[in-house]
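Enquirer: So the sequences go chain by chain: F and R.
Position one of the first sequence corresponds to residue 337 (my numbering), numbered consecutively onward.
Position one of the second sequence corresponds to residue 11 (my numbering), numbered consecutively onward.
Right, I'll just put the structure down here and ask away after.
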Amino acid sequence: MVVDFLWSLANVIAFGFMGVAFQSFSDMDINIVPYQFFLINTLVWTVFSNPFIDGAYSVTDEASWGTIGFMIANKIKFEDIALGRYFATGVRFFIIFFALTPLVYVTGAIHTTTTIFLESLLVITILFFFLGGIVLILTALTIMYKRLGEFPRITLTIIRILSTYFTPLATFGRIHPSLPNILYQFPMTSGIVELRKMLILGDNSAFYTVLRISILGTLVVYTMGLSLIYIATMESKRRGTIEKY
Amino acid sequence: MKGIEAIELRKSFIDGGERVEVLSGVTFSIPKGSNLAVIGPNGSGKTTLLKILSTILSPDSGRAYIRGFDIMEEADNVRKIITYINPEFRLHERLTVKRTLKFFAIIQDVDWQSSIPLLELFGIKHMLDSPVAALSTGQKAALKFIIGMMKNPEVLFMDEVFSGLDISRVEKLLMIVDTLLQEKSVDLVIVDHNPDVLDRLCDKVIVMERGKPVTRVYSTKELLRKFDYKWDIIVTWMREIDQNTLEDLKRSYDCNCIIIGPDRARIFVKDDNIVKEITDYLVKNSRNVIEINTSPVTLKDLFLEVIMKQTKFMIDESQ
Chain F
337 MVVDFLWSLA
347 NVIAFGFMGV
357 AFQSFSDMDI
367 NIVPYQFFLI
377 NTLVWTVFSN
387 PFIDGAYSVT
397 DEASWGTIGF
407 MIANKIKFED
417 IALGRYFATG
427 VRFFIIFFAL
437 TPLVYVTGAI
447 HTTTTIFLES
457 LLVITILFFF
467 LGGIVLILTA
477 LTIMYKRLGE
487 FPRITLTIIR
497 ILSTYFTPLA
507 TFGRIHPSLP
517 NILYQFPMTS
527 GIVELRKMLI
537 LGDNSAFYTV
547 LRISILGTLV
557 VYTMGLSLIY
567 IATMESKRRG
577 TIEKY
Chain R
11 MKGIEAIELR
21 KSFIDGGERV
31 EVLSGVTFSI
41 PKGSNLAVIG
51 PNGSGKTTLL
61 KILSTILSPD
71 SGRAYIRGFD
81 IMEEADNVRK
91 IITYINPEFR
101 LHERLTVKRT
111 LKFFAIIQDV
121 DWQSSIPLLE
131 LFGIKHMLDS
141 PVAALSTGQK
151 AALKFIIGMM
161 KNPEVLFMDE
171 VFSGLDISRV
181 EKLLMIVDTL
191 LQEKSVDLVI
201 VDHNPDVLDR
211 LCDKVIVMER
221 GKPVTRVYST
231 KELLRKFDYK
241 WDIIVTWMRE
251 IDQNTLEDLK
261 RSYDCNCIII
271 GPDRARIFVK
281 DDNIVKEITD
291 YLVKNSRNVI
301 EINTSPVTLK
311 DLFLEVIMKQ
321 TKFMIDESQ
């Protein structure tokens with residue numbers, strides 16, 4: 337009940353924030369019209385959302401089948417379960433992404449060259465890997481604290497908001513002037529901002545900056561995720577709760 | 011060559027804010043080629059022991075070796091040669107038998123077709139393309155066993171795999187499992203509440219009780235010799251058990267009574283001479299007795315006595 341209330345409240349706040357942002361469209365730091373903004377965001381996030389949820393809940397789901405013990409006794413690690421599910425669902429949604437791209441192209445939202453389109457695919461792939469690292473961290477929390485409830489979905493929504501899915505980066509400057517610059521260092525934020533520029537405007541000037549930020553971020557979250565899973569697994573084996581979720 | 015060795019294994023859990031010691035120093039050693047039954051009342055740590063030996067849980071202290079591999083230091087080597095099947099293990103009902111086998115073959119890094127001879131043996135090869143939902147309970151239990159045997163383990167840990175099966179299915183599964191274990195030289199460590207299963211499959215036994223150390227392995231013959239009781243009297247009443255008669259018997263004779271159903275009880279007797287006295291007493295004093303069977307105790311009776319011990323069915327001195 338409380339979680340449902342918070343979820344509804346978050347939606348009201350998010351869409352209220354969006355309304356304010358788009359009332360003064362001058363906040364847009366680039367020349368992008370709203371329909372392009374939302375179409376590209378939706379297209380790119382097609383790849384991320386479902387694999388993230390599948391991966392984050394994979395251990396809980398596997399435990400409901402009673403196969404966790406069997407898997408551990410067969411050298412299958414929790415990161416294998418989570419990433420296996422994440423990448424398997426990811427392949428499905430990459431295929432859907434490729435099926436949707438021509439439709440979005442027809443609407444006129446995509447104005448780019450083949451080279452820049454391929455570069456944007458590389459950025460999407462690295463961001464996909466980055467979110468896999470976040471899934472690992474959530475998996476570690478699952479092993480440690482068992483049922484996370486709506487926490488993975490809330491995490492996904494927060495990442496969406498921070499990635500400028502709902503509003504342009506410049507609108508965050510209203511909260512604090514330095515916030516857009518800080519947020520830009522978050523791989524999902526800089527990635528989505530620059531993907532819009534690459535796909536809508538054909539502007540790849542920040543391509544290497546985005547690569548650097550996203551690869552570094554990916555290394556950090558994987559290191560954190562794998563370390564936390566190791567610690568959580570050892571602790572859970574010690575407590576005797578490794579199969580209980 | 012040592013098959014499985016445990017040295018002073020200890021494990022405790024936090025339960026309701028209190029630390030409860032489940033394993034209080036388990037020490038045993040069995041040679042390769044043994045089939046071990048782990049018996050004891052509920053909550054005595056049988057499943058915990060199996061999970062520690064199969065590297066799923068870690069002990070608080072102590073060491074254990076499977077075929078010479080340390081379960082903590084060389085867990086990956088242990089995992090190569092063992093399979094663990096537990097009662098919570100469920101199969102996806104909508105997957106076909108073949109896809110289920112392929113899935114578990116990938117997990118175990120083996121070819122799924124290695125299971126075909128076993129499918130033939132269990133008579134379910136023709137159901138390869140059927141969904142798991144179409145299998146009977148016995149066939150599902152067989153499928154779980156086949157999954158467990160896919161990678162040709164050297165040691166098989168089975169935790170109540172036979173639970174929930176009726177007598178005929180248990181019998182059919184037992185016949186095949188017994189033959190297979192001998193043919194493939196797989197060592198078995200099993201927890202099961204069905205004395206028939208343990209009696210048929212195992213030649214070694216460890217007896218567990220919560221809070222007490224385990225210090226030795228018994229051969230089943232040795233355990234039978236140690237068993238105090240020589241005779242087993244099964245009494246059936248017309249409707250329900252006559253508790254008063256049982257308590258009178260307990261007071262008057264050197265025997266142990268275990269209730270095994272709403273209308274049936276087992277009476278274990280030490281002395282040959284008392285058997286006749288007890289049957290006479292039952293005939294004379296308990297009106298609703300409809301059947302009395304006497305027989306020498308078997309290993310099955312022993313398992314039953316140990317398993318039922320400390321449960322509500324036990325009529326002990328304090329009652």
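For glycine and all other residues, C-beta sits at the position ideal for the given N, C-alpha and C.
1. How many Å lie between R:G35 and R:S54 at the Cα?
2. Do you know offhand how far R:Y263's Cα is from R:N295's?
3. Under 7 Å between beta-carbons, which chain F residues line up against R:Q4? List them in chain order, please.
4. Within 9 Å of any Cβ in chain R, is that where the Cβ of F:M616 sits?
5. Using DSSP bridges, identify the partner residues of F:A445.
6. Pull the bridge partners of R:E197 from the DSSP assignment, please.
7. Entirely within the segment 368-395 of chain F and at least 4 residues each: give me those alpha helix (DSSP H) ranges in chain order.
8. Between which two residues does the alpha helix (DSSP H) containing R:G271 stretch?
9. Using a C-beta to C-beta distance shorter than 9 Å, which residues of chain R count as neighbours of F:T478?
10. Determine the extent of the alpha helix (DSSP H) in which R:D209 is found, giving its start and end residues.
11. Of all the residues that make up the segment 235-246 of chain R, which are near chain F by a beta-carbon distance shorter than 9 Å?
12. Classify F:F466: buried if its beta carbon has 16 or more other beta carbons within 10 angstroms, exposed otherwise.
13. When you compare only the Cα positions, how much space is there between R:E250 and R:R20?
14. Under the DSSP definition of a beta bridge, which residues are partnered with R:S71?
15. With DSSP run on the structure shown, which of helix, strand or coil describes R:P141?
16. What's the gap between the Cα of F:L482 and the Cα of R:L256?
17. Between F:A418 and R:G221, what straight-line distance do the alpha-carbon atoms span, to the nearest angstrom?
18. Is DSSP giving R:G13 helix, strand or coil here?
19. Which complete alpha helix (DSSP H) runs does the segment 502-552 of chain F hold, if anything under 4 residues is left out?
20. Considering only their Cβ atoms, is the gap separating R:V279 from R:W241 smaller than 9 Å?
21. Can you tell me whether R:R226 is helix, strand or coil according to DSSP?
22. Residues of the segment 84-101 of chain R with a CB closer than 9 Å to any CB of chain F: list them in chain order, please.
23. Could you name the residues of chain R that F:K573 contacts, counting a contact when the two beta carbons are closer than 7 Å?
24. According to a CB-to-CB cut-off of less than 8 Å, which residues of the segment 43-74 of chain R neighbour chain F?
25. With DSSP collapsed to three states, give me the class of R:E84.
26. Is it right to say F:F434 is buried, meaning 16 or more other beta carbons lie within 10 angstroms of its own, or is it exposed?
27. According to DSSP, R:Y94 sits in a beta bridge with which residue or residues?
28. Following the continuous alpha helix (DSSP H) through R:K286, name the residue where it begins and the one where it ends.
29. Taking all protein chains shown into account, decide if F:F341 is buried (16 or more other Cβ within 10 angstroms of its Cβ) or exposed.
30. Comparing the C-beta of R:I24 with each C-beta of chain F, is any distance below 9 Å?
31. Where DSSP assigns a beta bridge to R:D311, which residues make up the other side?
32. Pull the bridge partners of R:D25 from the DSSP assignment, please.
33. Measuring CB to CB, does R:E181 end up less than 9 Å from R:H203?
34. Can you name the residues that DSSP bridges to R:A275?
35. Considering R:N298, what are the terminal residues of the beta strand (DSSP E) in which it resides?
36. Suppose you measure from the CA of R:D70 to the CA of R:I17; what does that come to, to the nearest Å?
Expert: Checking against the coordinates, here is how it stands:
1. Taking the second sequence and counting its residues from 1, one reaches residue 35 of chain R at position 25. Taking the second sequence and counting its residues from 1, one reaches residue 54 of chain R at position 44. Put simply, the backbone Cα of R:G35 is about 12 Å away from that of R:S54.
2. Stepping through the second sequence from its first residue, residue 263 of chain R is reached at position 253. Stepping through the second sequence from its first residue, residue 295 of chain R is reached at position 285. The C-alpha of R:Y263 lies about 15 Å from the C-alpha of R:N295.
3. Because chain R spans 11 through 329 in this model, residue 4 of chain R falls outside it and cannot be assessed.
4. For chain F, the structure presents residues 337 to 581; residue 616 of chain F sits outside this window and is missing.
5. On the first sequence, position 109 is the one that residue 445 of chain F refers to. None; F:A445 has no bridge partner.
6. Working through the second sequence from its first residue, we reach residue 197 of chain R at position 187. For the record, residue 197 of chain R in the displayed sequence is Asp; it is not Glu. By DSSP's assignment, R:D197 forms a beta bridge with R:V165.
7. The qualifying runs are 370-382 and 385-392.
8. Numbered from 1 along the second sequence, position 261 holds the residue referred to as residue 271 of chain R. In the DSSP assignment, R:G271 falls outside any alpha helix (DSSP H) and lies within the beta strand (DSSP E) extending over C265 to G271.
9. If you number the first sequence from 1, residue 478 of chain F lands on position 142. Result: empty, since nearest Cβ-Cβ is about 17 Å, beyond 9 Å.
10. Locating residue 209 of chain R in the second sequence gives position 199, counting from the first residue. That run of the alpha helix (DSSP H) goes P205 to L211.
11. Those residues of the segment 235-246 of chain R that come within reach of chain F (Cβ to Cβ, closer than 9 Å) do not exist; the list is empty.
12. On the first sequence, residue 466 of chain F is found 130 positions in, with the first residue counted as 1. With a threshold of 16 other beta carbon atoms within 10 Å, F:F466 meets it and is buried.
13. Indexing the second sequence from 1 puts residue 250 of chain R at position 240. Indexing the second sequence from 1 puts residue 20 of chain R at position 10. Each residue's Cα considered, the two are about 43 Å apart.
14. Position 61 of the second sequence holds residue 71 of chain R. Beta-bridge pairing links R:S71 to R:R20.
15. On the second sequence, residue 141 of chain R is found 131 positions in, with the first residue counted as 1. It is a strand residue.
16. On the first sequence, residue 482 of chain F is found 146 positions in, with the first residue counted as 1. On the second sequence, residue 256 of chain R is found 246 positions in, with the first residue counted as 1. What sits at residue 482 of chain F in the sequence shown is Lys, not Leu. Taking C-alpha positions only, F:K482 is separated from R:L256 by approximately 48 Å.
17. Position 82 of the first sequence, counted from the start, is the residue given in the question as residue 418 of chain F. Position 211 of the second sequence, counted from the start, is the residue given in the question as residue 221 of chain R. For the pair F:A418 and R:G221, the Cα-to-Cα distance works out to about 38 Å.
18. Numbered from its first residue, the second sequence carries residue 13 of chain R at position 3. If DSSP states are grouped into helix, strand and coil, R:G13 belongs with the strands.
19. Whole alpha helix (DSSP H) segments, 4+ residues: 515-520 and 523-532.
20. On the second sequence, position 231 is the one that residue 241 of chain R refers to. On the second sequence, position 269 is the one that residue 279 of chain R refers to. Yes, Cβ-Cβ distance for R:W241 and R:V279 is below 9 Å.
21. To locate residue 226 of chain R, count along the second sequence from 1; it is residue 216. Coil at R:R226, not helix or strand.
22. Taking 9 Å as the Cβ-Cβ cut-off against chain F, the residues of the segment 84-101 of chain R that qualify are A85, D86, V88, R89, K90, I92, T93, Y94, I95, N96, P97, E98, F99, R100 and L101.
23. By 1-based counting over the first sequence, the position of residue 573 of chain F is 237. Result: L67 and S68.
24. For the segment 43-74 of chain R, the set of positions with a beta-carbon nearer than 8 Å to some beta-carbon of chain F reads T58, K61, S64, T65, I66, L67, S68 and D70 in chain order.
25. Position 74 of the second sequence, counted from the start, is the residue given in the question as residue 84 of chain R. The answer is coil: DSSP assigns R:E84 none of H, G, I, E or B.
26. Translated into positions along the first sequence, residue 434 of chain F becomes position 98. By the neighbour-count rule (16 or more Cβ atoms within 10 Å), F:F434 is not buried but exposed.
27. If you number the second sequence from 1, residue 94 of chain R lands on position 84. For R:Y94, which the question treats as bridged, DSSP gives the partners R:F167.
28. Working through the second sequence from its first residue, we reach residue 286 of chain R at position 276. Going by DSSP, R:K286 is part of the alpha helix (DSSP H) stretching over D282 to N295.
29. Position 5 of the first sequence, counted from the first residue, corresponds to residue 341 of chain F. Residue environment for F:F341: exposed (fewer than 16 other C-beta atoms within 10 angstroms of its C-beta).
30. Here residue 24 of chain R corresponds to residue number 14 of the second sequence, with the count starting at 1. For R:I24, the answer is yes, since a Cβ of chain F falls inside 9 Å of its Cβ.
31. In the second sequence, counting from the first residue as 1, residue 311 of chain R sits at position 301. In the DSSP output, where bridge partners are listed per residue, R:D311 has none listed.
32. The sequence position of residue 25 of chain R within the second sequence is 15, counting from 1. According to the DSSP secondary-structure assignment, R:D25 is paired through a beta bridge with R:E28.
33. Your numbering for residue 181 of chain R matches position 171 in the second sequence. Your numbering for residue 203 of chain R matches position 193 in the second sequence. Going by C-beta atoms, R:E181 is not nearer than 9 Å to R:H203.
34. Locating residue 275 of chain R in the second sequence gives position 265, where the first residue counts as 1. Note: R:A275 sits in a beta bridge opposite R:V245 and R:I269.
35. Counting from one through the second sequence, the residue named residue 298 of chain R turns up at place 288. No beta strand (DSSP E) holds R:N298; DSSP gives it neither H nor E.
36. For the purposes of this step, residue 70 of chain R is taken as the residue at position 60 of the second sequence. For the purposes of this step, residue 17 of chain R is taken as the residue at position 7 of the second sequence. Across the structure, R:D70 and R:I17 are spaced so that their CA atoms are roughly 12 Å apart.
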